[in-house]
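Residues 11 to 199 (our numbering) make up the sequence shown, in order.
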Amino acid sequence: MAYHHGNLRSELLARAEEVVATDGADALSLRSLARDIGVSHAAPSRHFADRPALLDALATQGFGRLEAQLEAAVSGGGTFEERLRGASLAYVGFATEHPALLELMYARKHRDPTPDLRAASDACARTLLGLFADSDAAIDDPERFGVILLACLQGIATFVAGDSLPAEHRPDELVADAVQRLLRGSRGR
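Here's what the structure looks like:
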């Protein structure tokens with residue numbers, strides 16, 4: 011094997027994300043990643059104890075990127091509804107660009123999440139819940155509203171990623187409509 015220098019952990023994660031995107035998480039192995047980037051089969055174990063540790067690190071990295079996109083969307087100013095729509099569009103954009111990664115991020119197949127994964131996931135939730143806390147929106151149960159909104163957005167993203175959305179429905183318009191209707195419904199109680 012070739013001598014390797016540089017940031018092996020980053021290279022492993024980048025290649026792992028490529029494999030997950032093209033072949034799914036089930037196709038991922040530490041040995042194949044090592045072969046792909048030209049290091050010994052033992053080299054990845056310096057950074058990841060096992061395959062689940064690699065998957066957790068990849069999911070953690072995904073949550074970090076999603077949280078950054080959500081934060082950028084909600085910190086742009088505007089009304090509560092505009093910022094919520096912006097965050098919703100950011101989520102759908104991330105979900106359609108990285109459907110396999112998003113699936114991995116929310117999968118609970120192997121074990122309890124690591125502290126890093128839990129922290130990254132919680133940061134995403136805090137970004138959205140913080141949006142509710144900083145607004146004058148009269149939403150009875152912001153956490154439940156967030157779960158319902160996320161389920162709706164995930165449905166839109168699934169349609170878009172699967173190319174199943176009828177042509178007359180633009181994703182950005184569906185997201186705006188979903189946000190508006192959910193807000194109207196949550197305030198009407």
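Think of the CB as a built atom: it goes at the ideal place given N, C-alpha and C, for glycine as much as any other residue.
Computed from a predicted model, the values in this text were never measured in an experiment.
Grab me the residues of residue i's own chain with a C-beta within less than 7 angstroms of its C-beta, minus the 5 sequence neighbours each way, in chain order.
| i | result |
| --- | --- |
| aspartate 182 | Leu99 |
| phenylalanine 142 | Ile149 and Pro152 |
| threonine 137 | Glu77, Leu80, Glu81 and Val84 |
| aspartate 60 | none |
| isoleucine 158 | Leu192 |
| methionine 115 | Ala69, Gly72 and Phe73 |
Can you say whether residue i is buried or exposed, counting buried as having 16 or more other CB atoms within 10 angstroms of its CB?
| i | result |
| --- | --- |
| histidine 179 | exposed |
| aspartate 66 | buried |
| glycine 88 | exposed |
| glycine 96 | buried |
| valine 185 | buried |
| glycine 34 | exposed |
| threonine 70 | buried |
| tyrosine 13 | Note that tyrosine 13 has pLDDT 49, beneath the 50 cutoff, so the model's placement of it is unreliable and no number is given. |
| glycine 195 | exposed |
| glycine 72 | buried |
| alanine 161 | exposed |
| alanine 188 | buried |
Provide the residue span of the alpha helix (DSSP H) that contains residue i, from first to last.
| i | result |
| --- | --- |
| isoleucine 158 | 152 to 171 |
| proline 231 | Here the chain has residues from 11 to 199 only, and residue 231 is not among them. |
| aspartate 122 | No alpha helix (DSSP H) contains aspartate 122, which DSSP labels as neither H nor E. |
| arginine 38 | The residue you asked about is not arginine; residue 38 is leucine in the sequence shown. No alpha helix (DSSP H) contains leucine 38, which DSSP labels as neither H nor E. |
Closer than 6 angstroms by C-beta to residue i: which residues in its own chain qualify, once you throw out the five before and the five after it? Chain order, please.
| i | result |
| --- | --- |
| glutamine 79 | Ala100 and Phe104 |
| leucine 22 | Leu43 and Pro54 |
| phenylalanine 169 | Leu175 |
| threonine 124 | Asp66 |
| histidine 108 | none |
| histidine 57 | Arg19 |
| leucine 163 | Ser98, Tyr101 and Val102 |
| arginine 75 | none |
Which residues in the same chain have their Cβ closer than 8 angstroms to the Cβ of residue i, if we skip the five residues on either side of it in sequence?
| i | result |
| --- | --- |
| arginine 25 | Leu43, Asp46 and Ile47 |
| threonine 106 | Ala167, Val170, Ala171 and Pro181 |
| aspartate 126 | Asp66, Ala67 and Thr70 |
| leucine 38 | Ala26, Val29, Val30, Arg61, Leu64 and Leu65 |
Segments assigned alpha helix (DSSP H), at least 4 residues, entirely inside the stretch 55 to 108: List check, alpha helix (DSSP H) in window: 61 to 84 and 90 to 107.
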